[in-house]
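So that you can map any letter, position 269 of the sequence shown is 272 in this note's numbering, and since no number is skipped, the others follow by simple counting. Cβ coordinates follow ideal geometry from the N, Cα and C atoms, glycine included. Here's the structure, in structure tokens; my notes come after.
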Amino acid sequence: MMPADTNDLGRIKHLLLAVGSAHVTGVPLPASLSSTAGPGAGKGGSVFFSDGVSRVRLTLDENSPVHIENFGDSAVLTFDGPEGPVSVDGFVEKTGCHCPKQAYITINEGCIFSCRYCNVQNQDKHTKTPDEIVSLIKDACSRDTIECISLTSGVVGTMKEEDERLFAILEKIRVFGLPIGVSVYPTPGLSARLFEHGVSEVKFNLETATEKLFAEMCPGLDRNVLRDSLKEAVGFFGKNRVYTNIILGLGESKAEMKQCIMQCLENGIIPIIRPLTPSAELFDYPRPSAADILGFAEFLQSELPRFGLDPSKARTMCAKCMGCDLTPMTDLHAGEVAA
Ligand code: SF4
């Protein structure tokens with residue numbers, strides 16, 4: 004990204020994430036700005052706005068109170084927020100595949116599971132072949148400077164079939180010589196094989212702050228498998244290479260979220276606190292408040308150093324992108340964190 008002296012976007016990013024959307028005027032957005040993965044799955048598209056330090060991804064919505072005037076090489080974001088009007092100079096980023104600087108590809112676009120917050124199971128169950136994945140990476144490289152390849156997937160076959168499909172893809176994409184991140188529902192022993200296949204980082208999503216919420220939100224999936232797989236992964240990939248998304252706003256208490264964060268850190272796992280995007284069965288849930296988004300990011304930032312962990316070292320996937328989350332170390336100013 005372009006260098007910048009200040010981090011204006013980081014200072015207001017919690018307010019923007021609490022809104023979650025933007026309307027864009029001026030120079031039309033690149034056609035590649037739409038997404039089939041992550042929180043915007045199944046929606047019309049997003050914009051990535053950056054000030055050169057931080058990045059935010061916002062869903063396109065012409066009724067949004069957040070406005071981005073795009074001038075092409077530069078852009079201005081304005082927002083009449085709860086703390087008064089704000090304005091940030093920056094630019095709209097182009098995307099490789101799904102997000103800037105990455106070829107972030109969803110292998111299976113459908114899923115046999117029905118997590119209550121997720122739209123993926125309602126999408127076409129197309130499964131990309133290794134050749135299609137290679138072709139998407141080449142396309143991404145033609146649009147943007149690609150620094151890594153990230154792979155994610157819904158589950159459409161047996162877990163064994165999913166693993167074999169993934170390994171076939173990993174064999175094919177080695178030639179690009181880029182760091183590779185993998186975020187899937189893991190099977191026991193998966194990390195060892197991913198490591199052998201040259202994968203740099205993994206993200207296995209615990210999704211909820213508590214076991215009870217997981218049982219309610221993700222029927223058919225096993226949180227113990229995820230927890231055990233994450234611990235196993237740390238043994239192979241090491242510090243700053245194992246991540247997990249925890250959704251903020253599913254009904255957990257503050258104490259439960261903090262306890263979950265601490266359990267992750269104690270095991271060498273970096274949690275990514277992902278504000279809920281209300282959708283699918285949870286379409287009528289409120290978005291998490293800006294205060295909660297900021298509060299948990301500050302808590303995480305204050306605890307990470309004790310465990311020698313630093314998400315700004317991420318080379319792939321969401322911790323590298325940072326579009327959907329308030330990211331410790333990068334978005335928050337060191338030394339300015341509230342006590
Ligand atoms: S933070 Fe993750 S889900 Fe969000 S846009 Fe970036 S890569 Fe996608």
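According to DSSP, residues forming a beta bridge with residue i
| i | result |
| --- | --- |
| R177 | The partner list for R177 (beta bridge, DSSP) is empty, contrary to what the question assumes. |
| V79 | E72 and D92 |
| T98 | Paired residues: none, contrary to the question. |
| T130 | N111 |
| V56 | Looking at the DSSP assignment, V56 forms no beta bridge with any residue, so it has no partner. |
| Y246 | K206 and I273 |
| G84 | G87 |
| P278 | L251 |
| T190 | Paired residues: none, contrary to the question. |
| T62 | S24 and S49 |
Near ligand 1: residue i beta-carbon under 6 Å from a heavy atom
| i | result |
| --- | --- |
| C327 | yes |
| R60 | yes |
| Y107 | yes |
| C221 | no |
| C324 | yes |
| C102 | yes |
| C321 | yes |
Range of the contiguous beta strand (DSSP E) that encloses residue i
| i | result |
| --- | --- |
| S24 | S24 to G29 |
| G184 | I183 to S186 |
| G87 | G87 to V95 |
| L224 | Unbroken run through L224: none, as it is neither H nor E. |
| A106 | Q105 to T109 |
| C151 | C151 to T155 |
Enclosing alpha helix (DSSP H) for residue i [first to last residue]
| i | result |
| --- | --- |
| P133 | P133 to R146 |
| F51 | Segment S49 to S53 is the beta strand (DSSP E) holding F51; no alpha helix (DSSP H) there. |
| I264 | K257 to E269 |
| I272 | Careful: I272 lies outside any alpha helix (DSSP H) and carries neither H nor E. |
| S67 | Note, S67: premise wrong, no alpha helix (DSSP H); not H, not E. |
| G160 | From DSSP, G160 is part of no alpha helix (DSSP H); its letter is neither H nor E. |
| F299 | A293 to E306 |
| F116 | Neither: F116 is in no alpha helix (DSSP H) and is coded neither H nor E. |
| P324 | Residue identity differs from the one stated: residue 324 is Cys in this sequence, not Pro. It spans M320 to C324 - the alpha helix (DSSP H) in which C324 sits, taken as one unbroken run. |
| A218 | E214 to M220 |
Anticipated Cβ contact below 8 Å, residue i with residue j, distance rounded
| i | j | result |
| --- | --- | --- |
| L20 | P281 | Not quite, the Cβ-Cβ distance comes to about 13 Å (not below 8 Å), so this is no contact. |
| D328 | I275 | 5 Å |
| V123 | G157 | 5 Å |
| P133 | I71 | About 37 Å separates the two Cβ atoms, so there is no contact after all. |
| C263 | T213 | 7 Å |
| T155 | V187 | 7 Å |
| I136 | K163 | Contact doesn't hold; Cβ gap of about 20 Å is too wide. |
| R60 | S49 | 5 Å |
| L193 | F116 | Contact doesn't hold; Cβ gap of about 17 Å is too wide. |
| I152 | V89 | Their Cβ separation, rounded to whole angstroms, is 35 Å, which puts I152 and V89 out of contact at 8 Å. |
| S147 | G99 | Checking the displayed sequence, the identity of residue 147 turns out to be Asp instead of Ser. That belief holds up - the Cβ atoms of D147 and G99 are roughly 4 Å apart, short of 8 Å. |
| F198 | F239 | 4 Å |
| K242 | F302 | About 20 Å separates the two Cβ atoms, so there is no contact after all. |
| G184 | V237 | Between V237 and G184 the Cβ distance is about 15 Å, and since that is not below 8 Å, they are no contact. |
| T62 | S24 | 5 Å |
| V22 | S67 | 7 Å |
| K131 | I110 | 6 Å |
Cβ of residue i within 7 Å of any chain C Cβ
| i | result |
| --- | --- |
| L251 | Here chain C cannot be found, since the structure has a single protein chain. |
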